[in-house]
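Residue numbers (the numbering used here): 2 to 521.
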């Protein structure tokens, strides 16, 4: 059978990695194939309209699946391919446009013309290969990505724990409760009733007892929480309060405190490109719980993604926008470099279909914000992510914007992030409960569920959800507290939008007014 190279599938080794031997031929793995969408011209035109800021009507999940779900003949072609290589179909997801296959490494090696190896790197061991994947000629125009053969960690949680400090003086606040921040940011009077918030989790676990303790202390009823294991990933707490459990509980406790009557659904998956996309698709196409807003507190530099995985995820984010689902994504905690040398931005926050959430340092006296600046705690190495995408073109709703660097001010050339911001400095962070321990945390991981909670509050107040919000937010600078002081290490805050804090932090009731009675 003739095979052709799958464009965008080659992946360089992780930094410091070395091959330690071939993967066990009998090891069983799961691999996700992403299929083309029908009506590509219509999808492209809809994307153009959204990025131009033109009005559109969101599709229901069912309508999207009917119009843009994978074609039956394409699904059949992948099933036939699987049979030819003795691979088993785990599930076909027409709405998401994916097919999940399982089988031994030996069969996947044959199917995709590769040799899977194990590699040792400073963080552990992962499976991968050093060549591009090859697919049968018959699938050339059908399969757009093959994910999961390489299982390296794709993303990191954008959470920062407050460093040990001297005990606070009597009466001095140590961090904010989410409810206090909602009041300081003047969130509208709503509890998010009737809404579902999807939370993407790539590690850690949910502890109901922690949530019960936390919300009891807030004198709030604990929100309804549902745990979904997308690919068999463990969803049990690790017991380490400074590990990924902190990300899970931060998401639940912030979103749940801000929108206590919303239903929170946690989608757990493995931390790989396949797991990340599967978790997102599970939330997006969940016809039972139907999240109206999805919060993502995980991500990685654009440069760490293969072209095939990045474009597949971006297409899923566009699908969310078309279905009227708002996606809030953390912009990163490592400043303008996103943990690499030079300037880099974090994905999926850098997608023009995600609402990128940046970080500030907020100081308050009583019920009044006294000062808010760019989050950059230089000595601890944390700073709000932001900058200019190397992948995505500048959407029209960002036309005319500029960035300020040490070299001066220049026009924004491509998609700039973040879009919005909120308190993220761990020194002025959020009080949470994790693994039986009270913690103060920060990071843009906290800003994504804060904004998701705000969106849920707004959605509960009107007949139509906020949906794809970018153009309307950029047209309403009055709905934000403009942050004009500070730098994230590569870009400086300025009047108006900037590549540190975007449009600024929310004036919640004014944000709600932007969408009052509106539809996509």
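Glycine included, each C-beta is placed from N, C-alpha and C at the ideal position. No experiment lies behind these values; they were computed from the predicted model shown.
Local Cβ density within 10 Å of residue i, reported as buried at 16 or more and exposed below that
i	result
residue 222	exposed
residue 17	exposed
residue 289	exposed
residue 362	buried
residue 58	exposed
residue 116	exposed
residue 371	exposed
residue 521	Caution is warranted here: a pLDDT of 47 is assigned to residue 521, below 50, making its placement in the model unreliable, and no coordinate value can be reported.
residue 20	exposed
residue 454	buried
residue 12	buried
residue 126	exposed
residue 47	buried
residue 303	buried
residue 240	exposed
residue 40	exposed
residue 410	exposed
residue 74	exposed
residue 168	The pLDDT assigned to residue 168 is 48, lower than 50, so where the model puts this residue is not dependable; a value taken from the coordinates is nonetheless given after this. Exposed is the call here.
Cβ-Cβ distance between residue i and residue j below 9 Å
i	j	result
residue 209	residue 231	no
residue 345	residue 355	no
residue 200	residue 285	no
residue 417	residue 322	no
residue 310	residue 278	yes
residue 320	residue 69	yes
residue 247	residue 440	yes
residue 476	residue 398	yes
residue 360	residue 376	yes
residue 259	residue 207	no
residue 357	residue 419	yes
residue 196	residue 263	yes
residue 93	residue 100	yes
residue 471	residue 347	no
residue 217	residue 460	no
residue 484	residue 509	no
residue 42	residue 155	no
residue 308	residue 8	yes
residue 469	residue 51	yes
Anticipated Cβ contact below 8 Å, residue i with residue j, distance rounded
i	j	result
residue 430	residue 157	With 8 Å as the limit, residue 430 and residue 157 do not qualify as a contact, their Cβ atoms being about 18 Å apart.
residue 187	residue 450	That pair is no contact at about 18 Å.
residue 228	residue 269	7 Å
residue 425	residue 437	About 25 Å separates the two Cβ atoms, so there is no contact after all.
residue 191	residue 462	5 Å
residue 276	residue 244	That pair is no contact at about 17 Å.
Three-state class that DSSP yields for residue i in the structure shown
i	result
residue 326	coil
residue 310	helix
residue 18	coil
residue 339	coil
residue 334	coil
residue 387	coil
residue 302	strand
residue 1	The structure shown does not extend to residue 1, since the chain spans only 2 to 521, so no value can be given for it.
residue 36	strand
residue 486	coil
residue 471	helix
residue 213	helix
residue 61	coil
residue 479	helix
residue 424	strand
residue 278	helix
residue 527	Nothing in the structure corresponds to residue 527, since the chain is present only between 2 and 521.
residue 371	strand
residue 89	strand
residue 160	coil
Best match in the options for proximity to residue i [C-alpha to C-alpha]
i	options	result
residue 176	442, 470 and 461	442
residue 236	211, 203 and 89	203
residue 23	107, 72, 32 and 48	107
residue 97	71, 83 and 303	71
residue 88	34, 45 and 411	34
residue 78	104, 268 and 141	141
residue 314	331, 292 and 351	351
residue 301	276, 38 and 340	340
residue 502	473, 423, 444 and 271	423
residue 335	325, 491 and 185	491
residue 364	185, 76, 465 and 130	185
residue 255	180, 161, 138 and 384	180
residue 62	37, 90, 84 and 95	95
residue 32	8, 325 and 105	105
residue 182	512, 515, 507 and 404	507
heavy atom of the ligand SAH below 8 Å from residue i C-beta
i	result
residue 386	Summarising the ligand content, the structure contains no ligands, and the ligand SAH is consequently not present.
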